[in-house]
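Mind the numbering: the sequence shown is residues -14 to 387 in our numbering, read in order.
To start, the structure under review is shown below, and the notes come after it.
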Amino acid sequence: MGNKHSTEFGGIFVQTSKAYYFPGEIIEGTISLNITKPGYPGRRLYVRITGREILHGALDINDNSDDEGKLSTNTTSKILKNEILLYEFQQPTIPMGQFTTQFTFQLPSNIPGTYNKIHLSGAYERIIYKIKGFVVATKGYKKMSHIQQIQVREPIYNPEQQIIGDGKLQDNGYCCRQKGSVQITAITDRNVYRIGEAIRILIEVIDEERFQKPEKIIVQLENITQYKYKNNIETKKKIITEEEIQTTTKKLGSYKILNQQEVVLYAQLKNHNNNDQYNMIQPTTNGNIIQSNYQILIKASFGISCCNLRECLELPIQILSSTVLQQQSIQPPLGWKPIQLNDENLQLLANAKQSGTSLHSFSTYQKTMQDRNSYREQQESQRSIRVGNSNRSIQSLNYQMN
-14 MGNKHSTEFG GIFVQTSKAY YFPGEIIEGT ISLNITKPGY PGRRLYVRIT
36 GREILHGALD INDNSDDEGK LSTNTTSKIL KNEILLYEFQ QPTIPMGQFT
86 TQFTFQLPSN IPGTYNKIHL SGAYERIIYK IKGFVVATKG YKKMSHIQQI
136 QVREPIYNPE QQIIGDGKLQ DNGYCCRQKG SVQITAITDR NVYRIGEAIR
186 ILIEVIDEER FQKPEKIIVQ LENITQYKYK NNIETKKKII TEEEIQTTTK
236 KLGSYKILNQ QEVVLYAQLK NHNNNDQYNM IQPTTNGNII QSNYQILIKA
286 SFGISCCNLR ECLELPIQIL SSTVLQQQSI QPPLGWKPIQ LNDENLQLLA
336 NAKQSGTSLH SFSTYQKTMQ DRNSYREQQE SQRSIRVGNS NRSIQSLNYQ
386 MN
């Protein structure tokens, strides 16, 4: 069944029904044994599910090359660990033959999404989940085991929901010009994106004549990563990409509309290279020691000023991984006709030996699925989330979603 999980007596292989899951979802899988030589002294077949968060090495948290911008730690946090005996052979050794059994397991509903960031120094940040099938042998014999990694994604609620932000941005002016002020409204086409996808934002800029109008509007995608370790909290902010738009003017009632146009950002670094693992952005995740989130920043630049970009609109969005883990595929041996060790699926939910994690009922999983799809039943007027500090009507904006 493959070299990495084989011994001279045969091999074992774990296969899940798919490569990625959401919190609260049911994992279904199969463990297969191909025993080609009699006498392997291991009677018990186990499956184990683990999840861990890891910070390892010198992490560059401030994009600096000096030691002051580095966080050096080796911190691990257990997310879940459950193990169950799937089958026990009656004889002291496993007989020759081909065997298979199924398992099901419900993930807890509060676990973070998979995360894997590698630094040039060799340090890494990881949230990783594994399913391991194994047979424990008598001392002196090699353990027969195989590991299947799975990807967990953060829960998605109302993915087509637009994010609306509106508010007044201003600066205090300086010696050669008056105070600057502008009203900005922005709408995203939705709130969930995959890495590399286009993020479309419709922006309206309204200027009051008595104030200095902005020279340009800056739109940025920002990542905020927070690390919690040894009672410390470190936060890293990084601009992933940005675009600028110049202001133009036209009259609308008592206001001047400087801009009403679409801006497109891409959810990746501007000089993105698919083969560069060190510059890949990571998906949104909310773990105990690693939290990574994204937001759109919209700023107004009024000219030469040292502090005119401090105020901005913030539109939170969620970013998902664009790829999934490739499941290992092993060709079954000739004449593969395994014996089913159990006639029914073993429910890990009911029998798992828990270690620091509470499992949730199937009704929780159903509720998660219902919440995720509830946006299909919402009225058009409820398809947006408003952020910002203004109650001004935005009827002049009409973002048509494709």
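All C-beta atoms in this analysis are idealised placements derived from N, C-alpha and C, irrespective of residue type, glycine included.
C-alpha gap between residue i and residue j, whole angstroms
{"i": "Leu237", "j": "Glu182", "result": "Confidence in Leu237 is poor, its pLDDT being 43 and thus under 50, which makes the residue's placement unreliable; the coordinate value appears in the next sentence. Approximately 34 Å between the Cα atoms of the pair."}
{"i": "Leu105", "j": "Ser57", "result": "14 Å"}
{"i": "Gly399", "j": "Leu326", "result": "Examination of residue 399 is not possible in this model, given that the chain is present from -14 through 387 alone."}
{"i": "Leu206", "j": "Gly98", "result": "20 Å"}
{"i": "Ile103", "j": "Ile203", "result": "30 Å"}
{"i": "Thr86", "j": "Gly14", "result": "9 Å"}
{"i": "Thr(-8)", "j": "Ile11", "result": "31 Å"}
{"i": "Val137", "j": "Arg175", "result": "22 Å"}
{"i": "Asn217", "j": "Gly42", "result": "16 Å"}
{"i": "Met388", "j": "Leu154", "result": "Since the first residue of the chain shown is -14 and the last is 387, residue 388 is not available in this structure."}
{"i": "Val248", "j": "Ser62", "result": "40 Å"}
{"i": "Pro268", "j": "Asn95", "result": "17 Å"}
{"i": "Gly82", "j": "Ile34", "result": "26 Å"}
Residue from the options whose Cα sits closest to the Cα of residue i
{"i": "Ile64", "options": "Trp321, Leu282 and Ile275", "result": "Ile275"}
{"i": "Lys3", "options": "Gln134, Gln75 and Gln168", "result": "Gln134"}
{"i": "Leu18", "options": "Tyr6, Ala108 and Gly(-4)", "result": "Gly(-4)"}
{"i": "Cys388", "options": "Ala108, Leu282 and Gln83", "result": "Given that the chain is displayed from residue -14 to residue 387, the structure contains no residue 388 and the question cannot be resolved."}
{"i": "Ile184", "options": "Gln76, Gln147, Phe7 and Ser286", "result": "Gln147"}
{"i": "Lys284", "options": "Leu44, Glu229 and Asn208", "result": "Glu229"}
{"i": "Gln220", "options": "Tyr214, Glu227, Ile209 and Thr226", "result": "For clarity, residue 220 is Thr in the given sequence; the question names Gln instead. Ranking the options by Cα distance to Thr220, first place goes to Ile209."}
Assigned secondary structure, residue i (DSSP; H/G/I helix, E/B strand, else coil)
{"i": "Arg162", "result": "A caution first: Arg162 carries a pLDDT of 49, below 50, which makes its placement in the model too unreliable to give a value."}
{"i": "Lys222", "result": "strand"}
{"i": "Glu139", "result": "coil"}
{"i": "Tyr5", "result": "strand"}
{"i": "Asn383", "result": "The predicted model places Asn383 with a pLDDT of 47, which falls under 50 and marks its position as unreliable; any figure quoted below should be read in that light. If DSSP states are grouped into helix, strand and coil, Asn383 belongs with coil."}
{"i": "Ala183", "result": "strand"}
{"i": "Glu145", "result": "coil"}
{"i": "Val(-1)", "result": "strand"}
{"i": "Asp151", "result": "strand"}
C-beta contact flag for residue i and residue j at 8 Å
{"i": "Glu38", "j": "Asn273", "result": "yes"}
{"i": "Arg179", "j": "Val120", "result": "no"}
{"i": "Tyr251", "j": "Leu40", "result": "no"}
{"i": "Ser130", "j": "Lys117", "result": "yes"}
{"i": "Ile389", "j": "Val177", "result": "There is simply no residue 389 to check, as the chain begins at -14 and stops at 387 in what is shown."}
{"i": "Phe88", "j": "Leu71", "result": "yes"}
{"i": "Ile79", "j": "Tyr31", "result": "no"}
{"i": "Thr21", "j": "Phe(-6)", "result": "yes"}
{"i": "Gly152", "j": "Ile172", "result": "no"}
{"i": "Ser306", "j": "Glu200", "result": "no"}
Residue-level contact to chain D via CB, residue i, 8 Å cutoff
{"i": "Arg33", "result": "Of the chains in the structure shown, none is chain D; there is only one protein chain."}
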